[in-house]
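These protein sequence lines map, in sequence, to chains A and B. Per our numbering, residue 9 is the first one in the first sequence, and the count goes up by one each step. Per our numbering, residue 9 is the first one in the second sequence, and the count goes up by one each step. Accompanying notes for the structure given below.
2 protein chains.
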Amino acid sequence: MTYCIGLKINNGLVFMSDTRTNAGIDNISTFRKMHVWEKPGERVIVIMSAGNLATTQAVVSLLDERVKAAKDRVQTLLETPSMYQTALLVGNTLREVIARSARGGHKAEAFQASLIVGGQIEGSEPRLFMIYPEGNFIESTEDTPFFQIGETKYGKPIIIRAYDPDMSFAETAKLLMVSFDSTLKSNLSVGLPLDMTFYERDSLKVGLRKRIGADDPYYRKISDGWSNALKVAFKSLPDFGYESEAKKNPQR
Amino acid sequence: MTYCIGLKINNGLVFMSDTRTNAGIDNISTFRKMHVWEKPGERVIVIMSAGNLATTQAVVSLLDERVKAAKDRVQTLLETPSMYQTALLVGNTLREVIARSARGGHKAEAFQASLIVGGQIEGSEPRLFMIYPEGNFIESTEDTPFFQIGETKYGKPIIIRAYDPDMSFAETAKLLMVSFDSTLKSNLSVGLPLDMTFYERDSLKVGLRKRIGADDPYYRKISDGWSNALKVAFKSLPDFGYESEAKKNPQR
């Protein structure tokens, strides 16, 4: 499995992904699931992927090859006139790869993958999309400022509660690390190291990129600290009035 | 969907379930998913169910009918000599119901359900089981002292972190409410009211039973309090050193 989050704040965009892939629990590998294209001063595009690894690698390879082979007549990731057209291009490439794989007679479902695409192109706002296996996609809004793909459930409650569009990059990184830590502690198929990419609004260049391993001191602080902080938070709530309820109403 | 937890502590057993069933999001109803059988001084058995409602209702009806119709030659829930035999009986009943439904030519998967069975029979320990759609089952252990069925992921991280076998009923109820609150806030298919049943070790009678609605003052306190406590916990952790990292290492 996989866990990736793309999140939009007023300051820009933040992306985080794990690196574990597995085909059965005895066949685990590390693969980068976050890919970045940049034309400094003009555009930054980040793609994260979950699902069939052969599919997602083929999508990235195709997108990349077309960027490099300028002779192709197709529009490339570095030429699309808008983020909407970028999402369309990525969605079409995903559809093309899955259709090709399914040509051998297997069902398309076997080759499924989902993508998060975000970035900014000169002259328009930073934008964030989620692309479905069918190639169609949705865009983030003020009401839904983040997308998750892969093993999304364990890490969702804290994002719902703590997200604030005015957060700084420093706070956003903390939020994403807490969300990943909850997921890592609950599901073996999501694993370290984690990849992070920051994109500062209107900078039109890639910001900080960082890989976080098990020995990263900040990650360790968050992981241990969050367990303790949760226990303190839990203790701070009033206990259920069991004794008084039991007296009032032994069996209802 | 559904969310149910059965949890074993040194004091006994605690059960909690929601009541929402849905067949499509425009077809939502309230059904009790927690069922209790009791022979005071001799046994208490609690069953919670998730999955196909026709299946789970048929299982409960069959178990109940057989308890009432003493003429049947099959052993009933009030006669099994041990909790293991009880789990076996419930598992067989589930398998029987699913097999009957599948006789019409539909796949067995369409009628799937999972059950949590817990309780105590005189002369042995309280025990807790999870029954799979296939009718086989597993028992809780010290390492895995709780079972969840239905929409289990959102509410798991807090249980993993805060569970302690020495918890009182008052603390356990708080833990389960927090776990349910995280789930309710993330997934529309799990809904209030909630049902709770407490069973005190060696009491051999049903303890407190309570239905918790949206207006329950303790539930409101936990739901609002947990959001605030989480925010405080989150604030208490150190922010990511974005500025210093970005200076050190603008693009890696």
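The beta-carbon is built from N, C-alpha and C at its ideal position, and this holds for glycine as well.
Legend entry - D72/B (DSSP reduced to helix, strand or coil): helix
Inset, instruction - Give the residues of chain A in contact with F177/B, contact being defined as C-beta atoms less than 7 Å apart. - result: Within 7 Å Cβ-Cβ: Y250.
Legend entry - Nonlocal neighbours in the same chain, by C-beta distance under 8 Å from A254/A, ignoring five residues either side: none
Legend entry - Proximal residues of chain B, C-beta to C-beta of E253/A below 7 Å: L216, K218
Legend entry - Where A116/A falls: helix, strand or coil (DSSP): helix
Inset, instruction - Note down, in chain order, each residue of its chain lying with its Cβ closer than 7 Å to the Cβ of N144/A, except the 5 sequence neighbours on either side. - result: G99
Legend entry - DSSP three-state assignment for Y227/B, whether helix, strand or coil: helix
Legend entry - Residues within the stretch 221-233 of chain B neighbouring chain A, beta-carbon criterion of under 8 Å: Y226, K229, I230, G233
Inset, instruction - Apply the 10 Å Cβ neighbour rule to L196/A and answer buried if 16 or more other Cβ atoms are within range, or exposed otherwise. - result: exposed
Legend entry - Beta carbon proximity, T146/A to chain B, threshold 8 Å: Thr is not the amino acid found at residue 146/A; the sequence shown has Ile there. By this cut-off, I146/A is not an interface position.
Inset, instruction - Compile a chain-ordered list of the residues in the stretch 45-75 of chain B whose CB is closer than 8 Å to at least one CB of chain A. - result: none
Inset, instruction - Measuring alpha carbon to alpha carbon, tell me which of Q128/A, F154/A, V198/A, T63/A ends up nearest L183/A. - result: F154/A
Inset, instruction - Return the residue from the list A77/A, H43/A, E142/A, N30/A that minimises the CA-CA distance to R217/A. - result: Its Cα nearest to that of R217/A, the residue H43/A stands out among A77/A, H43/A, E142/A, N30/A.
Inset, instruction - Quick one: grab the DSSP three-state call for T191/A. - result: helix
Inset, instruction - Have a look at the DSSP bridge pairing and note the partners of K16/A. - result: L21/A
Inset, instruction - Give a single yes or no on whether L85/A has its beta carbon closer than 7 Å to a heavy atom of the ligand COA. - result: Absence of the ligand COA from the depicted structure is noted, as is the absence of any ligand whatsoever, leaving it without description.
Inset, instruction - For D247/A, go through chain B and note every residue whose CB falls closer than 8 Å to its CB, in chain order. - result: S176, A178, E179, A181, K182
Inset, instruction - Compute the Euclidean distance between the alpha carbons of V22/B and M9/A, then round it to the nearest angstrom. - result: For V22/B and M9/A, the distance between alpha carbons rounds to 32 Å.
Inset, instruction - Output, in chain order, the set of chain B residues within a Cβ distance shorter than 7 Å of P165/A. - result: Y162, S190, K193, S194
Inset, instruction - Tell me, please, whether the CB atom of R169/A is closer than 8 Å to any CB atom in chain B? - result: When Cβ-Cβ separations below 8 Å define contact, R169/A makes contact with chain B.
Inset, instruction - Compare the C-beta of R260/A against all C-beta atoms of chain B and say whether one is closer than 8 Å. - result: Because R260/A sits at a pLDDT of 45, beneath the cut-off of 50, its placement in the model cannot be relied upon, and the following sentence gives the value as read from the coordinates. Taking Cβ atoms only, chain B reaches closer than 8 Å to R260/A, which makes this a yes.
Legend entry - Any C-beta of chain B under 8 Å from that of K16/A: no
Inset, instruction - Return the first residue and the last residue of the beta strand (DSSP E) that Y207/B is part of. - result: For Y207/B, the enclosing beta strand (DSSP E) has its first and last residue at 202-208.
Legend entry - Spatial distance of N261/B from E208/A (CA atoms): Outside the shown range of chain B (9 to 260) lies residue 261/B, about which nothing can therefore be said.
Inset, instruction - Spell out the partners DSSP gives V52/A in its beta bridges. - result: E46/A, Q128/A
Inset, instruction - Would you list the residues sitting across from M138/A in a DSSP beta bridge? - result: I124/A, I146/A
Inset, instruction - Below 7 Å CB to CB, which residues in the same chain sit around I167/A once its five sequence neighbours on both sides are set aside? - result: F154, L183, S187
Inset, instruction - Less than 8 Å between the CB atoms is what I'm expecting for M91/A and S132/A, so what's the real figure, rounded? - result: 7 Å
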